[in-house]
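Undergrad:
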Amino acid sequence: MPRSVVLALLLLVLSVAPGAWAGPEDEIRALFDRFFAAQNAHDLSAVRGLLWDSARFLWVTRGTPIWGREAGLKRFEALYQGTWRLEANTAELHVTMLSNDVAQLYVPIVFTIGPAGQPAQTTRFLMNQTIIKAPAGWKVASILPIPVPVQAAGIPSSAGPGAHASVGREGRSKEKLASTLAFTPTPACGVGASRSIRHLISGSKFR
9 MPRSVVLALL
19 LLVLSVAPGA
29 WAGPEDEIRA
39 LFDRFFAAQN
49 AHDLSAVRGL
59 LWDSARFLWV
69 TRGTPIWGRE
79 AGLKRFEALY
89 QGTWRLEANT
99 AELHVTMLSN
109 DVAQLYVPIV
119 FTIGPAGQPA
129 QTTRFLMNQT
139 IIKAPAGWKV
149 ASILPIPVPV
159 QAAGIPSSAG
169 PGAHASVGRE
179 GRSKEKLAST
189 LAFTPTPACG
199 VGASRSIRHL
209 ISGSKFR
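Using my numbering, read the sequence shown as starting at 9 and increasing by one per residue.
1) In the DSSP assignment, what are the bridge partners of Arg-132?
2) Starting from the C-beta of Gly-76, find all residues in its chain whose C-beta is less than 7 Å away, skip the five residues before and the five after it, and write them out in chain order.
3) Which residues does DSSP pair with Ala-111 in a beta bridge?
4) I'd like to check one pair, Gly-90 with Gly-57: are the Cβ atoms closer than 9 Å?
5) So the alpha helix (DSSP H) Gly-145 belongs to, where does it begin and stop?
6) Mark Ala-144 as exposed unless 16 or more other C-beta atoms lie within 10 angstroms of its C-beta, in which case mark it buried.
7) If you check the beta carbons only, do Ile-216 and Leu-39 fall under 9 Å apart?
8) Between which residues of its own chain and Asn-136 is the CB-CB distance below 6 Å, once the five residues before and five after are set aside?
9) Could you spell out where the alpha helix (DSSP H) holding Glu-78 opens and where it closes?
10) Reducing DSSP to helix, strand and coil, say where Arg-70 ends up.
11) To the nearest angstrom, how far is it from the Cα of Val-156 to the Cα of Phe-119?
12) In or out: Glu-95 buried (at least 16 other Cβ within 10 Å) or exposed?
13) Determine the contact status of Lys-141 and Val-103, defining contact as a CB-CB distance below 9 Å.
What follows is the structure in C-alpha coordinates.
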(Lines of atoms letter the chains of each structure in order from A and count residues from 1; the text may use other names and numbers.)
(Lines give C-alpha, C1' and ligand atoms only; values in the text may rest on other atoms or scores of the structure.)
Protein backbone atom coordinates (compact mmCIF):
# COMPACT_ATOMS: atom_id res chain seq x y z
CA MET A 1 0.00 0.00 0.00
CA PRO A 2 1.45 3.41 -0.89
CA ARG A 3 2.90 5.35 2.02
CA SER A 4 0.65 8.34 1.29
CA VAL A 5 -2.45 6.16 1.68
CA VAL A 6 -1.15 4.76 4.99
CA LEU A 7 -0.50 8.27 6.32
CA ALA A 8 -3.97 9.42 5.25
CA LEU A 9 -5.60 6.51 7.05
CA LEU A 10 -3.53 7.18 10.16
CA LEU A 11 -4.56 10.84 10.22
CA LEU A 12 -8.20 9.81 9.83
CA VAL A 13 -7.96 7.43 12.79
CA LEU A 14 -6.29 10.06 14.96
CA SER A 15 -8.95 12.63 14.09
CA VAL A 16 -11.82 10.44 15.38
CA ALA A 17 -9.99 8.63 18.16
CA PRO A 18 -10.62 11.08 21.07
CA GLY A 19 -14.40 10.63 20.88
CA ALA A 20 -14.18 6.94 20.11
CA TRP A 21 -11.85 6.29 23.03
CA ALA A 22 -13.89 8.22 25.61
CA GLY A 23 -14.22 6.02 28.70
CA PRO A 24 -17.28 5.60 30.91
CA GLU A 25 -16.05 8.21 33.40
CA ASP A 26 -15.90 10.83 30.64
CA GLU A 27 -19.39 9.85 29.51
CA ILE A 28 -20.71 10.16 33.07
CA ARG A 29 -19.11 13.58 33.49
CA ALA A 30 -20.78 14.66 30.24
CA LEU A 31 -24.10 13.33 31.59
CA PHE A 32 -23.70 15.46 34.71
CA ASP A 33 -22.86 18.53 32.61
CA ARG A 34 -26.16 18.07 30.76
CA PHE A 35 -28.05 17.49 34.02
CA PHE A 36 -26.49 20.63 35.51
CA ALA A 37 -27.41 22.74 32.46
CA ALA A 38 -30.97 21.38 32.30
CA GLN A 39 -31.54 22.14 35.99
CA ASN A 40 -30.42 25.75 35.64
CA ALA A 41 -32.48 26.17 32.47
CA HIS A 42 -35.54 24.70 34.24
CA ASP A 43 -35.80 22.41 31.21
CA LEU A 44 -38.09 19.66 32.45
CA SER A 45 -38.03 17.82 29.12
CA ALA A 46 -34.22 17.65 29.15
CA VAL A 47 -34.21 16.49 32.77
CA ARG A 48 -36.71 13.74 31.89
CA GLY A 49 -34.32 12.36 29.27
CA LEU A 50 -31.46 12.20 31.80
CA LEU A 51 -33.30 10.37 34.59
CA TRP A 52 -33.68 6.60 34.76
CA ASP A 53 -37.12 5.65 33.46
CA SER A 54 -37.97 3.32 36.31
CA ALA A 55 -40.19 3.09 39.37
CA ARG A 56 -36.95 2.53 41.28
CA PHE A 57 -35.53 5.96 40.44
CA LEU A 58 -34.87 7.54 43.84
CA TRP A 59 -34.51 11.13 45.02
CA VAL A 60 -34.04 11.52 48.76
CA THR A 61 -35.35 14.89 49.93
CA ARG A 62 -34.41 15.72 53.51
CA GLY A 63 -34.53 12.07 54.52
CA THR A 64 -37.76 11.33 52.66
CA PRO A 65 -37.63 9.28 49.44
CA ILE A 66 -39.39 10.13 46.20
CA TRP A 67 -39.64 6.96 44.14
CA GLY A 68 -40.12 6.94 40.37
CA ARG A 69 -39.11 9.30 37.57
CA GLU A 70 -42.57 10.85 37.15
CA ALA A 71 -42.85 11.72 40.85
CA GLY A 72 -39.39 13.29 40.72
CA LEU A 73 -40.29 15.34 37.66
CA LYS A 74 -43.43 16.68 39.36
CA ARG A 75 -41.28 17.83 42.27
CA PHE A 76 -38.79 19.51 39.95
CA GLU A 77 -41.64 21.22 38.09
CA ALA A 78 -42.90 22.73 41.36
CA LEU A 79 -39.43 23.91 42.36
CA TYR A 80 -38.86 25.48 38.94
CA GLN A 81 -41.73 27.90 39.62
CA GLY A 82 -39.45 29.80 41.99
CA THR A 83 -35.69 30.37 42.18
CA TRP A 84 -33.78 27.15 41.53
CA ARG A 85 -30.16 27.56 40.54
CA LEU A 86 -27.12 25.45 41.27
CA GLU A 87 -23.38 25.86 41.01
CA ALA A 88 -21.14 22.80 41.00
CA ASN A 89 -17.48 22.63 41.95
CA THR A 90 -16.57 20.39 39.03
CA ALA A 91 -12.90 20.53 40.04
CA GLU A 92 -13.89 18.23 42.91
CA LEU A 93 -16.25 16.02 40.93
CA HIS A 94 -15.36 12.34 41.36
CA VAL A 95 -16.70 9.32 39.49
CA THR A 96 -16.25 5.88 41.04
CA MET A 97 -17.06 2.90 38.85
CA LEU A 98 -18.80 0.25 40.96
CA SER A 99 -19.18 -2.11 38.00
CA ASN A 100 -19.24 -1.90 34.22
CA ASP A 101 -22.73 -0.38 34.29
CA VAL A 102 -23.04 1.27 37.72
CA ALA A 103 -21.13 4.33 38.96
CA GLN A 104 -21.22 6.74 41.88
CA LEU A 105 -20.82 10.46 41.26
CA TYR A 106 -19.87 12.98 43.96
CA VAL A 107 -19.65 16.76 43.62
CA PRO A 108 -20.03 19.73 46.02
CA ILE A 109 -23.01 21.89 45.05
CA VAL A 110 -24.27 25.36 45.97
CA PHE A 111 -28.05 25.76 45.66
CA THR A 112 -29.84 29.11 45.45
CA ILE A 113 -33.46 28.35 46.25
CA GLY A 114 -36.63 30.32 46.91
CA PRO A 115 -40.39 30.20 46.28
CA ALA A 116 -41.76 32.43 43.53
CA GLY A 117 -41.89 36.07 44.58
CA GLN A 118 -39.81 35.54 47.72
CA PRO A 119 -36.11 36.16 48.46
CA ALA A 120 -33.87 33.23 47.58
CA GLN A 121 -31.49 31.59 50.03
CA THR A 122 -28.16 29.91 49.34
CA THR A 123 -27.02 26.68 50.93
CA ARG A 124 -24.40 24.02 50.28
CA PHE A 125 -24.78 20.30 49.64
CA LEU A 126 -22.54 17.35 48.93
CA MET A 127 -24.29 15.82 45.95
CA ASN A 128 -24.17 12.07 45.43
CA GLN A 129 -25.72 10.37 42.43
CA THR A 130 -25.95 6.76 41.34
CA ILE A 131 -25.49 6.50 37.57
CA ILE A 132 -26.46 3.36 35.66
CA LYS A 133 -26.05 2.26 32.06
CA ALA A 134 -29.54 1.66 30.72
CA PRO A 135 -30.35 0.55 27.15
CA ALA A 136 -30.59 4.24 26.14
CA GLY A 137 -27.23 5.10 27.71
CA TRP A 138 -26.07 6.43 31.08
CA LYS A 139 -28.90 7.72 33.30
CA VAL A 140 -29.23 9.27 36.76
CA ALA A 141 -30.77 6.54 38.93
CA SER A 142 -30.59 8.31 42.30
CA ILE A 143 -30.09 11.84 43.64
CA LEU A 144 -28.83 11.88 47.22
CA PRO A 145 -27.85 15.38 48.45
CA ILE A 146 -26.29 15.80 51.89
CA PRO A 147 -26.65 19.30 53.43
CA VAL A 148 -23.46 20.87 54.76
CA PRO A 149 -24.12 22.14 58.31
CA VAL A 150 -23.06 25.67 59.16
CA GLN A 151 -21.11 24.23 62.09
CA ALA A 152 -18.57 23.27 59.41
CA ALA A 153 -17.96 26.98 58.72
CA GLY A 154 -14.48 26.71 60.17
CA ILE A 155 -13.55 24.16 57.51
CA PRO A 156 -12.39 25.71 54.21
CA SER A 157 -15.28 25.59 51.77
CA SER A 158 -14.81 23.60 48.58
CA ALA A 159 -18.38 23.84 47.34
CA GLY A 160 -17.66 26.24 44.51
CA PRO A 161 -18.48 29.89 43.79
CA GLY A 162 -21.15 31.53 45.88
CA ALA A 163 -20.62 29.27 48.89
CA HIS A 164 -20.37 31.46 51.98
CA ALA A 165 -20.65 29.57 55.25
CA SER A 166 -22.60 31.68 57.74
CA VAL A 167 -22.24 31.56 61.51
CA GLY A 168 -24.47 32.42 64.41
CA ARG A 169 -28.20 32.01 64.99
CA GLU A 170 -29.21 34.01 61.91
CA GLY A 171 -26.95 31.99 59.62
CA ARG A 172 -28.28 28.70 60.96
CA SER A 173 -31.86 29.86 60.43
CA LYS A 174 -31.20 30.83 56.80
CA GLU A 175 -29.49 27.55 55.99
CA LYS A 176 -32.26 25.56 57.65
CA LEU A 177 -34.86 27.50 55.61
CA ALA A 178 -33.04 26.84 52.34
CA SER A 179 -32.74 23.15 53.11
CA THR A 180 -36.43 22.95 53.94
CA LEU A 181 -37.42 24.66 50.69
CA ALA A 182 -35.39 22.24 48.60
CA PHE A 183 -36.22 19.07 50.44
CA THR A 184 -39.81 19.27 51.63
CA PRO A 185 -41.53 15.91 52.17
CA THR A 186 -43.94 14.96 49.39
CA PRO A 187 -47.04 12.72 49.32
CA ALA A 188 -45.38 10.70 46.57
CA CYS A 189 -43.24 9.04 49.21
CA GLY A 190 -44.48 5.91 50.86
CA VAL A 191 -41.49 3.63 51.09
CA GLY A 192 -38.85 3.59 53.83
CA ALA A 193 -35.51 5.15 52.94
CA SER A 194 -33.56 2.32 54.56
CA ARG A 195 -34.11 0.23 51.41
CA SER A 196 -32.90 2.97 49.06
CA ILE A 197 -29.55 2.05 47.53
CA ARG A 198 -29.82 -1.70 48.15
CA HIS A 199 -33.21 -1.71 46.44
CA LEU A 200 -32.03 0.59 43.68
CA ILE A 201 -29.02 -1.40 42.49
CA SER A 202 -30.26 -4.89 43.30
CA GLY A 203 -29.21 -7.26 40.56
CA SER A 204 -26.16 -6.96 38.36
CA LYS A 205 -27.80 -5.80 35.10
CA PHE A 206 -30.00 -2.82 34.22
CA ARG A 207 -30.56 -3.66 30.55
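No residue lacks a Cβ here, since even glycine has one placed at the ideal position from N, Cα and C.
TA: The short version:
1) Val-118
2) Ala-63, Phe-65
3) Partner(s): Met-105, Ile-139.
4) Not in contact: Gly-57 and Gly-90 (Cβ atoms no closer than 9 Å).
5) Looking at the DSSP string, Gly-145 is not in any alpha helix (DSSP H); the run it does join, the beta strand (DSSP E), is 145-155.
6) It is exposed - the Cβ of Ala-144 has fewer than 16 other Cβ atoms within 10 Å.
7) Residue 216 cannot be examined here, being either before or after the span of the chain that is shown, 9 to 215.
8) Answer for Asn-136: Tyr-114, Leu-152, listed in chain order.
9) 77-87
10) coil
11) Spanning the two alpha carbons is a distance of roughly 11 Å.
12) Glu-95 is buried by the Cβ-count criterion.
13) no
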